[in-house]
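Numbering of the sequence shown is given in this note's numbering, commencing with residue 20 and proceeding in unit increments.
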Amino acid sequence: MPAAEQGPSLATQARAERACPRRWGEWGLIALLALALKQLYGMADATELQWLLWPLARLLEVVSDLRFQPLPTGDWLDAGQGILIVKACAGGNFLLISWLAWLWRGRALPLRPARLLGAFAAAWAATLAANALRILLILHAEDGLARLGGLSQGDSHRLIGIAVYFLCLWIQLAGSASARVPLAVAAAALYLGVTLLLPALRAWALGLAPLDTIHVLWTAAVPLAVALVSGLWRAYRPGDHPSS
């Protein structure tokens with residue numbers, strides 16, 4: 020290859036090699052921020068999460084016939100239908116997942132405070148939408164899913180939540196996949212990293228009880244099943260293999 024052609028190639032390679040440690044450092048910082056946010060969210064009570072619960076209650080009132088009143092505990096109650104919005108409905112895990120997903124989508128951009136804050140604002144909006152969809156599906160489909168699948172009410176409730184959050188994450192990441200990191204792998208890694216890996220690390224570091232096995236199995240089932248089906252489809256989809 021002529022020297023004139025080698026020059027830009029070598030320069031590009033050198034820039035990539037210099038950028039690699041910086042990218043690892045940036046994602047290390049993001050991981051530390053994620054751990055800190057996870058810990059702060061775990062310590063907060065419902066009164067300290069009104070920036071998630073209040074807009075969720077108002078959004079549900081706009082898109083449905085639900086009518087909520089605030090309680091002294093920070094929860095929100097629709098007395099007519101017996102719907103109670105509590106801290107668990109705030110979607111703290113999905114907020115963190117969505118924030119990381121927005122950062123992943125823009126991973127080619129420099130990591131600056133404005134980008135971190137912009138991704139967090141987008142994650143806040145995505146979390147409100149996902150939470151509202153989850154609550155409405157639970158309200159209208161939980162009993163039917165329990166009967167259809169032979170599930171308990173609790174398992175039906177849990178399955179709807181996992182499916183909604185993972186679907187919303189999938190939509191959010193659509194178009195950001197690469198040949199090295201397929202969409203299903205990126206979505207499953209983000210989802211399981213926040214919902215299982217971070218809590219497991221927190222429990223280990225603070226000497227807390229390990230995660231419940233049933234919770235782990237339910238949480239992992241949907242992302243891993245989707246990743247498996249997606250991988251099989253990528254490997255065996257028609258048209259990818261020349262006929263013999």
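Here a beta-carbon is modelled for each residue, glycine too, at the ideal position from N, C-alpha and C.
In terms of residues, what are the limits of the beta strand (DSSP E) holding Leu96?
-> Locating residue 96 in the sequence shown gives position 77, counting from the first residue. Element bounds for Leu96: Trp95 to Asp97.
Cβ-based neighbour list, Arg153, same chain, cut-off 6 Å, excluding 5 preceding and 5 following = Here the question's residue 153 lines up with position 134 in the sequence shown. So the list reads Gly180 and Val183, once near-sequence residues are dropped.
From Thr214, Trp121, Ser249 and Phe139, pick the residue whose C-alpha is nearest to that of Trp70; which is it?
-> By 1-based counting over the sequence shown, the position of residue 70 is 51. For Trp70, the closest alpha carbon among the candidates Thr214, Trp121, Ser249 and Phe139 is that of Phe139.
Between the Cα of Ser202 and those of Leu215, Leu170, Val248 and Pro129, spot the shortest distance and give me the residue it belongs to.
-> Reading the sequence shown from its first residue, position 183 is the one you call residue 202. First, the amino acid is wrong: residue 202 is Leu here, not Ser. When Leu215, Leu170, Val248 and Pro129 are compared, the shortest CA-CA separation from Leu202 is found for Val248.
Out of curiosity, what's the CA-to-CA distance linking Gly250 and Ala98?
-> Counting from one through the sequence shown, the residue named residue 250 turns up at place 231. Counting from one through the sequence shown, the residue named residue 98 turns up at place 79. The alpha-carbon atoms of Gly250 and Ala98 are separated by roughly 46 Å.
What residues in its chain sit with their C-beta under 7 Å from that of Leu85, if we drop five residues either side in the sequence?
-> Here residue 85 is taken as the residue at index 66 of the sequence shown, counted from 1. Around Leu85: Leu79, Asp97, Gln100 and Ile102.
Report the residue ranges of all alpha helix (DSSP H) runs contained in full by the segment 147 to 203; include only those spanning at least 4 residues, in chain order.
-> The DSSP assignment places 172 to 192 as complete runs of the alpha helix (DSSP H) inside the segment 147 to 203, in order along the chain (cut-off: 4 residues).
Any idea if Tyr210 is buried or exposed, counting beta-carbon neighbours within 10 angstroms, 16 or more meaning buried?
-> Taking the first residue of the sequence shown as 1, we reach residue 210 at position 191. By the Cβ neighbour-count rule, Tyr210 is buried, with 16 or more other Cβ atoms within 10 Å of its own.
Counting only the same chain and skipping the five closest in sequence on each side, list residues whose C-beta sits under 7 Å from that of Ala246.
-> As a first step, residue 246 must be located in the sequence shown, where it is residue number 227. If we look at Ala246 and ignore the five residues flanking it on each side, its Cβ neighbours are Ala203, Val204 and Ala207.
Paired residues, beta bridge with Gln88 - DSSP = For this step, residue 88 is matched to residue 69 along the sequence shown. Beta-bridge pairing by DSSP links Gln88 to Leu96.
Return yes when the Cβ of Ala151 is within less than 8 Å of the Cβ of Val105, no when it is not.
-> Position 86 of the sequence shown, counting from 1, holds the residue named residue 105. Position 132 of the sequence shown, counting from 1, holds the residue named residue 151. Their beta carbons are not under 8 Å apart, which means Val105 does not touch Ala151 by this criterion.
So, is Thr146 buried or exposed, given that buried needs 16 or more other C-beta atoms within 10 angstroms?
-> Here residue 146 corresponds to residue number 127 of the sequence shown, with the count starting at 1. With 16 or more Cβ atoms within 10 Å of its Cβ, Thr146 is classed as buried.
By a C-beta neighbour count over all protein chains shown, 10 Å radius and 16 as the cutoff for buried, is Gly125 buried or exposed?
-> As a working mapping, residue 125 is identified with position 106 in the sequence shown. Answer is exposed; the Cβ neighbour count stays below 16.
Report the rounded CA-to-CA distance for Leu135 versus Gly169, giving the unit in angstroms.
-> Reading the sequence shown from its first residue, position 116 is the one you call residue 135. Reading the sequence shown from its first residue, position 150 is the one you call residue 169. A straight-line Cα-Cα distance of about 43 Å links Leu135 and Gly169.
With respect to the alpha helix (DSSP H) encompassing Leu103, which residues constitute its N-terminal and C-terminal limits?
-> On the sequence shown, residue 103 is found 84 positions in, with the first residue counted as 1. Careful: Leu103 lies outside any alpha helix (DSSP H), inside the beta strand (DSSP E) at Ile102 to Ile104.
By a C-beta neighbour count over all protein chains shown, 10 Å radius and 16 as the cutoff for buried, is Gln172 buried or exposed?
-> Along the sequence shown, one-based indexing puts residue 172 at 153. By the 16-neighbour rule on beta-carbons within 10 angstroms, Gln172 is exposed.
Identify whether Ala250 lies in helix, strand or coil by the three-state DSSP scheme.
-> Residue numbering aside, residue 250 sits at position 231 when the sequence shown is read from its first letter. Correcting the residue identity first, residue 250 is Gly in this sequence and not Ala. In this structure, Gly250 counts as helix in the three-state DSSP scheme.
Whose C-beta lies closer than 8 Å to the C-beta of His176 among residues of the same chain, with five residues either side of it excluded?
-> Counting from 1 along the sequence shown, the entry for residue 176 is found at position 157. Result list for His176: Ile157 and Glu161, in chain order.
Beta-carbon separation (whole angstroms), Gly93 vs Ala76, contact threshold 8 Å = As a position in the sequence shown, residue 93 is number 74, starting the count at 1. As a position in the sequence shown, residue 76 is number 57, starting the count at 1. With 8 Å as the limit, Gly93 and Ala76 do not qualify as a contact, their Cβ atoms being about 11 Å apart.
Note down the Cα distance separating Leu90 from Ala63, rounded to an integer number of angstroms.
-> Numbered from 1 along the sequence shown, position 71 holds the residue referred to as residue 90. Numbered from 1 along the sequence shown, position 44 holds the residue referred to as residue 63. Whole-angstrom Cα-Cα distance: 17 Å.
Asp174: which of His234, Gly110 and Gly44 sits nearest, CA to CA?
-> Taking the sequence shown and counting its residues from 1, the one referred to as residue 174 is at position 155. The residue among His234, Gly110 and Gly44 with its C-alpha nearest the C-alpha of Asp174 is His234.
For the candidate residues Ala149, Pro218, Val241 and Trp121, whose alpha-carbon lies nearest to that of Ala54?
-> Counting from one through the sequence shown, the residue named residue 54 turns up at place 35. Reading the sequence as shown, one finds Leu at residue 54 and not Ala. By alpha-carbon distance to Leu54, the top candidate from Ala149, Pro218, Val241 and Trp121 is Pro218.
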